[in-house]
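First residue of the sequence shown? That's 1 in my numbering, and the numbers climb one at a time after it.
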Amino acid sequence: EIAERLNLDIETARKIYWAGYLHDIGKIFVPQDVLNKPGRYTEEEYNLVKIHPVKSEELVSEIEELREIAKIIRHHHERWDGKGYPDGLSDDDILLGSRILGIADAFEAMTSERPYKRALTPEEAIEELKRCSGTQFDPKLVDVMVSIIEEELRT
């Protein structure tokens, strides 16, 4: 829906859609006890987790028709301020598809129960998105995402 609000062409929207399904496939290389750890990661554990976008890209790019999707996947944990991973990209150097996938993935993570945290309500997640606008997330995408969530809450 974010892609639709931005008036992206159908092919670009479709690539982002499929990236959403495949983006975490690289987590098969991260031990389950690390992924489900209830506390903070050690530096070594965090480094293991940080490889999953690269591993996801490698797996998906094995299929020639999915190589553009693989590029979107690689950068879904990059941050607007350049403090993300795996490549430390910032601003418009991050593919728009990766920025869209990143904010959608973050919202899903915020509003899902995990072994190490409770799920946020949609209203709490909206506040977190706004707080991270311009640092973690593209401010334009935060505005679009918040608008979508607020509309869904009203219906």
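Just so you know, even glycine gets a beta-carbon here, dropped at the ideal spot from N, CA and C.
Quick check on the DSSP output: what are the complete alpha helix (DSSP H) runs of length 4 or more inside the stretch 94 to 124, in order along the chain? 96 to 110
Could you check whether the stretch 9 to 21 touches the stretch 34 to 52, counting it as contact only if at least three pairs of C-beta atoms, one from each stretch, sit closer than 8 Å? no
What separation, rounded to the nearest whole angstrom, lies between the Cα atoms of Ile63 and Arg114? Position 63 of the sequence shown, counted from the start, is the residue given in the question as residue 63. Position 114 of the sequence shown, counted from the start, is the residue given in the question as residue 114. The straight-line gap from Cα to Cα measures roughly 32 Å.
How many angstroms separate the CA atom of Gln179 from the CA atom of Ile94? No answer is possible for residue 179: the residues shown for the chain start at 1 and end at 155.
Give the single residue among Ser147, Glu57 and Asn7 whose Cα lies nearest to the Cα of His77. Locating residue 77 in the sequence shown gives position 77, where the first residue counts as 1. Here the closest residue by C-alpha is Glu57.
Given that a residue counts as buried once 16 or more other Cβ atoms are within 10 Å of its Cβ, and exposed if not, what is Ala157? Residue coverage of the chain in this structure runs from 1 to 155, which leaves residue 157 outside it and unanswerable.
Given that a residue counts as buried once 16 or more other Cβ atoms are within 10 Å of its Cβ, and exposed if not, what is Ala3? Residue mapping note: residue 3 aligns to position 3 of the sequence shown, counting from 1. Ala3 is buried by the Cβ-count criterion.
Please determine, among Leu101, Glu68 and Ala70, the residue with the shortest C-alpha to C-alpha distance to Trp80. Your numbering for residue 80 matches position 80 in the sequence shown. When only C-alpha atoms are compared, the closest one is Leu101.
Does the separation of the CB atoms of Val144 and Ser133 fall below 8 Å? Start at 1 with the first residue of the sequence shown, and residue 144 comes out as number 144. Start at 1 with the first residue of the sequence shown, and residue 133 comes out as number 133. No, Cβ-Cβ distance for Val144 and Ser133 is not below 8 Å.
Return yes when the Cβ of Gly39 is within less than 8 Å of the Cβ of Tyr116, no when it is not. If you number the sequence shown from 1, residue 116 lands on position 116. If you number the sequence shown from 1, residue 39 lands on position 39. Contact: yes.
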